[in-house]
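Colleague: Protein chains in written order, with our numbering: chain A, 4 to 538; chain B, 1301 to 1646; chain C, 1301 to 1646; chain D, 3 to 337. The C-beta atom is built at its ideal place from N, Cα and C for all residues, glycine as well. So that we are looking at the same thing, I have put the structure below in structure tokens.
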Amino acid sequence: MVAPLLFFVVFFGYPVTAIVGRGLREDGVWRFGRLTEVLGDPGTLRVLWFTCWQAAASTALTLALALPGAYVFARLRFPGRRVLHAAVTVPFVLPTVVTGAAFLALVGRGGVLDDAFGVRLDDGVWAILLAHVFFNYAVVVRTVGGLWAQLDPRQEEAARVLGAGRLAAWRRVTLPALTPSVAAAALMVFLFTFTSFGVIQILGSPGRATLEVEIYRQTAQLLRLDTAAVLTLVQLAAVVALLVTHRLVTRRRVGALRLVDPAGTARPPRGWVQWTALGGVLATVALLLALPLGVLVERSLAGPDGYGLHHYRALAHADGTFLVAPAEAVGNSLRFAAAATAIALLVGGCAAVALTRRAGRLTRGFDALLMLPLGTSAVTVGFGFLIALDEPPLDLRSSWVLVPLAQALVGVPFVVRVLVPVLGAVDERLREAAAVLGASPWRAWRAVDLPLVWRSALVAAGFAFAVSLGEFGATVFLARPDEPTLPVAVARLLGRAGAENYGQAMALSVVLMLVCAVTLLSLERLAPSRSAGTF
Amino acid sequence: MSLLELDGVRVRYGARAALDGVRLSVAEGEVVCVLGPSGSGKSTLLRAVAGLTPVDEGAVRLAGRDQRGVPAHRRGLGLMFQDHQLFPQRDVAGNIAFGLRMRRRSREEAAGRVAELLDLVGLPGAGRRAVASLSGGEQQRVALARALAPDPRLLMLDEPLGQLDRDLRERLVVELRQLFARLGSTVLAVTHDQGEAFALADRVVVMRDGRVVQVGAPVEVWRRPADAFVARFLGFRNVTPAHVDAEGARTPWGALPVPAGTAPGARTVLVRPSGVRLTPPEGAPLTGEVTARTFRGDHVLLLLEPGGGAPPLEASCPLRAAPEVGERVGVRFDPEEIVALPDQLP
Amino acid sequence: MSLLELDGVRVRYGARAALDGVRLSVAEGEVVCVLGPSGSGKSTLLRAVAGLTPVDEGAVRLAGRDQRGVPAHRRGLGLMFQDHQLFPQRDVAGNIAFGLRMRRRSREEAAGRVAELLDLVGLPGAGRRAVASLSGGEQQRVALARALAPDPRLLMLDEPLGQLDRDLRERLVVELRQLFARLGSTVLAVTHDQGEAFALADRVVVMRDGRVVQVGAPVEVWRRPADAFVARFLGFRNVTPAHVDAEGARTPWGALPVPAGTAPGARTVLVRPSGVRLTPPEGAPLTGEVTARTFRGDHVLLLLEPGGGAPPLEASCPLRAAPEVGERVGVRFDPEEIVALPDQLP
Amino acid sequence: SDGGGDEGGGSGGDEVVLVTHESFLVSDAVLEEFTEETGYRVKLLRAGDAGVVVNQAVLSAGNPQGDVLFGVDNTLLSRALDAGIFTPHEAAGLEHVPDELRLDDEEHRVTPVDTGDICVNYDRAWFDERDLAPPRTLQDLADPAYADLLVVQNAATSSPGLGFLLATVAAFGEDGWGEYWESLRENGVEVVEGWEQAYNERFSGAGQGGDRPLVVSYASSPPAGVVYGGDERPERAPTGVAAETCFRQVEFAGLLDGAANEEGGRALLDFLLGLPFQEDMPLSMFVLPAREDAALPEEFARYVEPVDEVHEVAPEDIAAHRDEWIDEWTDLVVR
Ligand SMILES: Nc1ncnc2c1ncn2[C@@H]1O[C@H](COP(=O)(O)OP(=O)(O)OP(=O)(O)O)[C@@H](O)[C@H]1O
Ligand SMILES: Nc1ncnc2c1ncn2[C@@H]1O[C@H](COP(=O)(O)OP(=O)(O)OP(=O)(O)O)[C@@H](O)[C@H]1O
Ligand SMILES: Cc1ncc(C[n+]2csc(CCO)c2C)c(N)n1
Ligand SMILES: [Mg+2]
Ligand SMILES: [Mg+2]
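In structure tokens form, the structure reads like this:
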């Protein structure tokens, strides 16, 4: 617990305190007066209100659309399941600029929907909500599905033979078992949408700002650190309130669950309910996820002389104005993402183990603390790093590790949230069984917990990886040597006029998609074979 | 009319068939026990009837209606799982009341029934306990209560009393028997305890490798096991091939008397342990050395080694009269306890 | 020297004590079976010895060394859980080999041992199967094999054969008995099957409500249960308070003959069912109506209602001679099968 | 390349650290030339857009991340100067820079490096098809003939957006610009968040499916569109610039106060104003060199339409009113 705590304090608590202090302290005196001033501003309240309700609506919509997905991916076996499972995570890593474009092409003016039905969603809030679903579908599918696949299906069967219909059995038996992971997913989706930045900028009319956008504006554009500090505090307070709610929901500790080998729980679909579920989910995925991605692919292939790989070929060589070939960004991205994933897994894994082993008041508070980075503006963290980590021995401002560190801040909560429900569900008696067979606690952990959480750890790793692969907001504030990551390279290309640049940006986005999908797929293949004897 | 009918039911796991053409019918109000070695498909049978395991071939009919495509919760039956599958998130009362709540019984009604059932299974007042804090046997009783609670038209129990001590089990068998009689319940119960099967069942079904090898009233099955397998499964060790003719059955133990009217020919013959009577060794047609003595509570089971290539013989005798290991005893056979097996399903 | 010693061990769950001052010792190489009703603390006893449940009071000593503070994995013992707790993500062989691998046995050695044990438990070739695809009894056998594999200095088994059919159980009991004898294993096994306990154990321990109420050789315990509770627990129904004097024991069933030398006074008297002999009703000192007939495989258990306020009597008689329900029979008692209980721990 | 985790606060030795924004680009050859000439290797630190870079520099005043900052423009200049983050340095070659770009000529804390004009661009083909003359002036944009055609950026978050707002402030005065924007709004102006979206998604001239033929962008956008538009070199660029709608942006560089490698920093500033860099800039960043004597590439000569007159706001006025104007503009146009 010490390591994650240290990590958290040094790389989150300290920088954020520093930047808030910079805004609210003058000559060593705290000016809390600003608090009431800013909070009294109707503009602030409007922003706060919009931020909250769109996040709540996005979360609800995401859960409603993605829980069937979690079910289908966890419990049904159908051709292409693995590939699709990796594919739904792809949106998560795409730069919002790029996906925003794709989304607009579909639901915006002159988009597919407009052409076909005269429906436009770009000026309502619907586009924002749908985009939020698009980005966070995988969060629910993966966190919830990861546990779901391991729940013993016979629990539900027991309910069925007691007269519970499919839905009732699910609601009364499976859902309670899933509650911690559903709550975790909901929490994360809420936090992501609560702090939504890019989506709001692209799809929201400029009148619709979230706190995050406002903090960005106040900090990065206007350098009004006092206002930004107040807003940051408001955001933190909201997140804390949220975490308390989350705690209340999941307080009733669900005891050990009977976890089984996920390989044995998936079955080919049977009966109209399952076929409908599968069809519905495939349709959702196709409409909501595949179509926008398809638009990207289409655009990346549209060259000056018809469709072709023109833009992809152009990516391969540096054209002089770029210091590196955009294709090299793939390597950079992978390296940063791997480092960030390693840090997140290490820190988050330690934290998750500590959290499930000890359940004191202190650790619970710590649990909440770890979630705070998700609810903190990237610009706050970025600027905080800048003014806090500027003295040796911690002058990391120009060091490359700052990028994975910042990305890991977002990855750690993921790892914790994904692992805690599963670790909490591992039956203590399995560890005992290992102990009486002579396994030390560490070996028992390796033998019992690790294989059971392995899948979830992979899920978590996939997320940490995807987060850092696609991270742009925080990365962009951190001064860094000339090693553009994929999203940065995409942004550079988009920042210039010309069909070539645009096409290459799309092609590079597709590359980003593929890198993400391939990595996640190979991560999934890392599942340990049902082991014989050793580990 | 029969409430449950299985017609050539086959369930395959990969290449192996866990149920292989099972034909069976259970009449309304009947209590049928399924017996069979571990892995013979008993649980699979119940699961197939419940609609939890898809049937690859054949039909399951309930009250005459084919159940293909009918989901588990609409079959209106109850199943107590072998490993209980209690809901860990619910307390004891919550588990027991589950089926009632699913049938929209009022909360009060459910509470009353829960209390009643807790009394029945010997756990009065345990309603608020967490299921994880129960002992193994206590969990089993809660699972039993949960299955009993909604009074399903067909109740299926998978080893309902396996983890209980004899005293409690016997008491429960009696009470269940009365309960079923009172309610007219139709019951299909798996058990590995023959005493339980005999005490509870109107009929028993013996399974082997996914097939039904014998069906009949308990006394009948015990009196005339269908074949050597059933006989051995029922615990009889003295089973041997024999040639029956007018003088009796020729076996490795010599010529045995058989009940009058036994058809001649090559047969399998079973000698119940109680049919092996011990005599002083002098002048006995067959003698054997006692090689093992197993204390059986009520009596002692002896293993006799007759020598001369003949297989060992199992004999039961009262505790007081039991010879010691190593003693040599004479053997006389009681024709009443000798059966030539039909070796064919009746 | 005794390998395991428990000295006033107390384990509390909230206000209730699951173990309440348990004193027990198990000698090296001894096989001890723990009997007791459901919830009497048998599993808790094993868990306390294994170091899985903290002991609130008293000491657990292994080979003379107090185990306080010694973690489970350093106690060098084995425990088979009542609900198996197989590792779901390992296959059968992986489960069985686990303890061996923890003891750093080579892969080949482990593989050999796994095959051997799979043969023993009747699952040859099942090594690569997923544990979730096993039947209940198959899982239990894998759990047993897993516990046996590392040959721990003290092996504890919690209902090791409870889900197996009689045939397999009897075979396994014999093989385990031989195995333990060969290896000189020290074993502490929980069972609810008295036959199993009698067949397996050098000594049995009877528990009640967290306390040990009787310890002794199986025959001894069966012959002279310590008190009415033990007698009832062993399945005897004919237990009654009585006054013993020179003429015998005065009981609600009349004066019963008692073995010579029984100390006079207020005592609890047990009449074994086999000591209740049926006679024609004419001229019998006590008659009763047969109210139930339970078929017990080997014999029939009758419930007789003597009437006149006397409690029902249980009688055992051979199948052939059994009267029908409703018949009236006379009763004669066999003094050899009547015991005046010590009513005090020996 | 290895980022090196240990050096902060600029660096001594042979490395000189240039702190700049995400859009900064330079040809490899040019940087190599600098290294050959001076022995210093340039390390680039890029952190977000220009606003972010300046604000970060302000926050780390005295203990800077690098030696030289490039990318502070005239809309942000006063904030940087007020924070005192620069050490004066008079770069060689400054004499070739026109006076109107030399905004800190007394103290030389910053050196003008490039300039670019933020103007309304139009889609030539769109107007040709309709036989409609493209707009020329700001006033034209409020004409109902051009209703629903213009897309602009959010002035609060995008620098071309802010530049265009400043152009209108200059043109209509402090009291008049609000009215003008009201008429724009009535004429159906669309506001989007950033340049990328406005140009790539909404502007019909970018060929990505947009349907608005007028967009706020740069005077250098047409040549960029041609250079990155494929292999053909058309007669005229497919997009044009409304010549009287422009606001002139000037980008400056300065030596950061507290630089670890001050000498290297001075050399780098000189180099930024040197001809090799100045002549490389147009085709890498699509801006105009600050030096009058820098030769323009052929594409610029051919496709950049001369912008004779630009709307200007004094840096002091920008400093004094920027935030206020943005807030007013937001209230007026966005809400
Ligand atoms: N974790 C616990 N919390 C509270 N009570 C418990 C807990 N574990 C066991 N008990 C109680 O302690 C008593 C003894 O339990 P134990 O499991 O030792 O019984 P047992 O003799 O093994 O019974 P069985 O034969 O049914 O398995 C039971 O009444 C049980 O309910
Ligand atoms: N999911 C499965 N996959 C493969 N084989 C299975 C599966 N479930 C059961 N089997 C096999 O089918 C056979 C019958 O299993 P079943 O559970 O019906 O046996 P059972 O008669 O209930 O045995 P027990 O008395 O041990 O519980 C067994 O050999 C078992 O290994
Ligand atoms: C033709 C052309 N137009 C725009 C940009 C770049 N750009 C677009 S917006 C912006 C400021 C940040 O919002 C910059 C620098 C370019 N490089 N080339
Ligand atoms: Mg079974
Ligand atoms: Mg137990």
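1) Give me the Cα-Cα distance between B/Leu1488 and B/Arg1312, rounded to the nearest whole angstrom.
2) Taking the beta strand (DSSP E) that A/Gly427 belongs to, which residues open and close that run?
3) Taking the alpha carbon of D/Gly41 as the reference point, which residue from D/Asn263, D/Asp119 and D/Glu330 has its own alpha carbon closest?
4) From C/Arg1628 to C/Ala1615, what distance separates their C-alpha atoms?
5) So, using beta-carbon positions, are A/Val19 and A/Thr478 closer together than 8 Å?
6) Taking the C-alpha atoms as reference points, what is the distance between B/His1373 and A/Gly274?
7) Is any heavy atom in ligand 4 found nearer than 7 Å to the beta carbon of B/Asp1458?
8) Could you check whether the region 1388-1408 of chain B touches the region 1319-1329 of chain B, counting it as contact only if at least three pairs of C-beta atoms, one from each stretch, sit closer than 8 Å?
9) Take A/Phe386 and list the residues in its own chain whose beta-carbon comes closer than 7 Å to its own, dropping the five residues that flank it on each side.
10) In or out: A/Ala119 buried (at least 16 other Cβ within 10 Å) or exposed?
11) Assuming C/Ala1497 contacts C/Leu1379 under a Cβ cut-off of 8 Å, what Cβ separation, rounded to an integer in Å, is found between them?
12) Pair every Cβ in the region 462-476 of chain A with every Cβ in the region 347-356 of chain A, then say whether three or more of these pairs are closer than 8 Å.
13) Would you tell me roughly how many angstroms separate the C-alpha atoms of D/Cys248 and D/Asp119, rounded to the nearest one?
14) Mind listing the chain A neighbours of D/Ser80? Cutoff is C-beta to C-beta under 8 Å, in chain order.
15) Report the neighbours of A/Val1 on chain C: residues whose CB is nearer than 8 Å to its CB, in chain order.
16) What do you reckon, is the C-beta of C/Val1491 under 7 Å from a heavy atom of ligand 1?
17) Apart from the five residues on each side of it in sequence, which residues of its chain come closer than 7 Å, Cβ to Cβ, to B/Pro1388?
18) With DSSP as the reference, label C/Asp1527 as helix, strand or coil.
19) Just curious, the alpha helix (DSSP H) that A/Asn139 is in, first and last residue?
20) For the beta strand (DSSP E) that C/Thr1562 lies in, which residues bound it at each end?
21) Is the closest heavy atom of ligand 4 to the C-beta of B/Ser1343 under 7 Å?
22) Are the C-beta atoms of D/Val54 and some chain A residue less than 8 Å apart?
23) Taking the C-alpha atoms as reference points, what is the distance between A/Gly36 and D/Leu83?
24) C/Thr1579 to C/Arg1632, Cα distance in whole Å?
25) Where A/Thr324 and A/Leu214 are concerned, what is the direct C-alpha to C-alpha distance, given to the nearest angstrom?
26) Going by DSSP in three states, B/Gly1394 sits in which element: helix, strand or coil?
27) From what residue to what residue does the alpha helix (DSSP H) around A/Ala391 run?
28) I'd like the list of long-range same chain contacts for D/Gly5, defined as Cβ closer than 8 Å, with 5 residues on each side in sequence excluded.
29) Got a sec: is the Cβ-Cβ distance from B/Pro1337 to anything in chain C below 8 Å?
30) Under 8 Å between C-beta atoms, does B/Ala1560 make it to chain C?
31) Would you call the region 25-44 of chain A and the region 427-442 of chain A touching, i.e. three or more CB-CB distances under 8 Å?
32) Using the C-alpha atoms, what's the distance from C/Ser1338 back to B/Gly1437?
33) Out of A/Arg432, A/Ala187, A/Val425 and A/Ser336, which has the shortest C-alpha to C-alpha gap to A/Phe475?
34) Determine whether the Cβ of D/Glu307 lies closer than 8 Å to any Cβ atom of chain A.
35) So B/Arg1407 contacts chain C; which residues on that side make the cut at Cβ distance below 8 Å?
36) Taking A/Ala557 as the query, report the chain C residues whose CB atoms sit under 9 Å from its CB, ordered along the chain.
Modeller: Based on what the coordinates show:
1) 22 Å
2) A/Gly427 -> not in any beta strand (DSSP E); alpha helix (DSSP H) instead, spanning Leu405 to Ala428.
3) D/Asn263
4) 13 Å
5) no
6) 14 Å
7) yes
8) no
9) Ile22, Thr222 and Phe480
10) exposed
11) C/Ala1497 to C/Leu1379, Cβ: 18 Å. No contact.
12) yes
13) 6 Å
14) By Cβ distance, chain A contributes nothing, its closest Cβ being about 12 Å from D/Ser80, past 8 Å.
15) The structure shown has nothing for residue 1 of chain A, since chain A only spans 4 to 538.
16) The residue you asked about is not Val; residue 1491 of chain C is Thr in the sequence shown. No - ligand 1 has no heavy atom lying nearer than 7 Å to the Cβ of C/Thr1491.
17) Val1431 and Ala1432
18) coil
19) Trp129 to Trp151
20) Segment: none, C/Thr1562 is in no beta strand (DSSP E) and carries neither H nor E.
21) yes
22) yes
23) 29 Å
24) 7 Å
25) Any reading at A/Thr324 must be qualified, since the residue scores a pLDDT of 45, below 50, and its modelled position is unreliable; no value is offered.
26) helix
27) Ala381 to Ala391
28) Interpretation of D/Gly5 is limited by its pLDDT of 36, a score under 50 that renders its predicted location unreliable; the figure taken from the coordinates is listed afterwards. Within the same chain, D/Gly5 has no close Cβ partners at all.
29) yes
30) no
31) no
32) 5 Å
33) A/Ser336
34) no
35) Per Cβ cutoff of 8 Å: no residues; B/Arg1407 is ~27 Å from chain C at best.
36) Residue 557 of chain A is absent from the structure shown; chain A starts at 4 and stops at 538.
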